[in-house]
Amino acid sequence: MALLKRLGAREVAPPTSVPVYVTTANSIQAAQSYFPITYQTDALRRLFETCALIWVIGALACLLTVTALYVMTRLELRGAKPLQKGVWESDRIVSPGLVGVLRPRIMVPPGTDGKLLDYIVRHESVHKRRLDNLWRMLALAICCLHWFNPAVWISLKLFFADMELSCDEAVLRKLPDDARKEYALALLSAAKGTDLFVSAFGGAKLRLRLQRVLSYRRLTAGAAIVFALLAGAVLSLLAFG
C-alpha cells in the first residue's frame with residue numbers, strides 16, 4: 178500500500194457526470210481520471226495491465242483445460258449400448274454416473290444389474306431431475322474465472338460433496354430402513370473413479386456418505402412441525418426485528 182501511494186499521491190474527485198448511485202473509490206490513489214481511466218504513472222498502468230494479462234491467461238488456460246477434458250469424456254462414451262430406458266452400458270467406464278448436460282444419460286459399467294442397478298438409477302435420477310450436471314458446469318466455469326482464489330476451489334469440492342449427500346438423502350427417504358446397509362454397500366462397490374463432469378454414484382466424500390447413510394433417520398411429523406415453528410420464529414425475528 179505504501180509503495181502504491183508513493184507511485185501516485187494525488188486524490189481524484191469523482192466525476193460530476195456519474196449518477197448519485199455510483200460510488201467512485203480511489204483508495205490507493207492510482208487513477209487520475211475514470212472515463213476513460215488514466216493512471217497516475219506509467220508504473221501503475223503497467224502493474225494493472227500485467228495483472229489483467231495474468232488473469233486472462235489463467236482463465237483461458239482453465240477454460241481450455243475444462244473444455245478438453247469434457248470433450249475427452251464424451252468421446253470415451255461412444256459406443257455405449259442401451260441397457261434399459263434411460264440407462265446405457267459402456268465398457269469404457271469403471272464407475273456408474275450421470276453423463277451429459279443437455280441430454281444426460283445414466284451410464285453403468287458392464288455387469289451392473291439387480292439391486293445395485295436399482296440404487297444407481299434412483300440416485301442418478303435425482304441428479305437428472307435437479308439438473309446437477311448443469312450446475313457442475315456452471316460451478317467449474319466460475320472457478321475458471323476465479324482461478325487465483327483457493328477458497329473458490331475448496332468451495333467447489335464441498336459443493337460436489339453436498340450434491341452427493343443431498344441425493345443420498347433423497348433416495349433414502351423412499352427406501353425402507355432395512356435397505357440402508359444394502360445402499361451403503363452399493364456405494365462402496367461403485368467407488369472406483371471420479372470425473373469432473375459426471376455425477377458419479379460412488380463419488381465425493383464416500384466415507385462421510387457411508388456414515389450418513391447408515392445413521393440416517395427420517396424426520397418424524399412432530400419433529401417436522403417443531404422445526405417449521407422454529408424456522409418461522411427465526412424468519413419473523415429477522416424480518417421484524
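To convert, take the position in the sequence shown, counting from 1, and add 177; that gives our numbering. Heads up, the beta-carbon is just placed ideally off N, CA and C, and yes, glycines get one too.
Bridge partners for residue i per DSSP, in chain order?
i	result
isoleucine 283	Val264 and Leu275
proline 259	Trp265
Considering Cα atoms alone, identify which of the options is closest to residue i.
i	options	result
serine 272	Met284, Leu279, Arg280 and Trp265	Met284
serine 302	Pro259, Leu230 and Gly263	Gly263
glycine 274	Cys344, Arg350 and Glu359	Cys344
alanine 257	Leu362, Asp268, Arg223 and Phe337	Asp268
alanine 367	Thr218, Gly288, Thr244 and Arg280	Gly288
isoleucine 319	Ser332, Asp309, Arg307 and Arg299	Ser332
leucine 294	Asp219, Thr218 and Ala363	Ala363
arginine 251	Ile270, Phe336, Ala236 and Cys321	Ile270
isoleucine 234	Pro259, Asp290, Met314 and His323	His323
glutamine 261	Ala236, Glu346 and Arg282	Arg282
lysine 292	Leu352, Leu230 and Ile231	Leu352
alanine 236	Glu253, Asn326, Pro286 and Leu365	Asn326
glutamate 253	Trp232, Ile231, Leu230 and Pro286	Pro286
Expressed to the nearest angstrom, what Euclidean distance is found between the alpha-carbon atoms of residue i and residue j?
i	j	result
valine 348	aspartate 354	12 Å
glutamate 329	arginine 357	Note on residue identity: the sequence assigns valine, not glutamate, to residue 329. Approximately 33 Å between the Cα atoms of the pair.
tryptophan 265	tyrosine 360	21 Å
tyrosine 296	aspartate 339	19 Å
alanine 249	valine 276	For clarity, residue 249 is methionine in the given sequence; the question names alanine instead. If you take the alpha carbons of methionine 249 and valine 276, they lie about 12 Å apart.
tryptophan 312	valine 243	14 Å
alanine 238	leucine 246	12 Å
cysteine 228	arginine 307	38 Å
leucine 221	aspartate 309	43 Å
cysteine 321	leucine 279	21 Å
leucine 241	phenylalanine 337	21 Å
threonine 218	leucine 224	10 Å
arginine 299	glutamate 226	51 Å
histidine 304	arginine 350	15 Å
glutamate 341	alanine 316	15 Å
proline 259	methionine 314	25 Å
leucine 365	aspartate 290	15 Å
serine 204	tryptophan 232	Residue confidence is low: serine 204 scores 47 on pLDDT, short of 50, so the model does not pin down where it sits. No coordinate-derived value is stated.
leucine 335	arginine 255	31 Å
leucine 230	glutamate 346	44 Å
In terms of residues, what are the limits of the alpha helix (DSSP H) holding residue i?
i	result
isoleucine 297	291 to 306
asparagine 433	Nothing about residue 433 can be reported from this structure: the residues present for the chain run from 178 to 418 only.
threonine 218	Counting along the chain, threonine 218 falls outside any alpha helix (DSSP H), and DSSP gives it neither H nor E.
aspartate 339	327 to 349
arginine 357	357 to 367
Residue i CB to nearest chain D CB: under 8 Å?
i	result
alanine 347	The chain inventory of the structure shown lacks chain D, comprising one protein chain alone.
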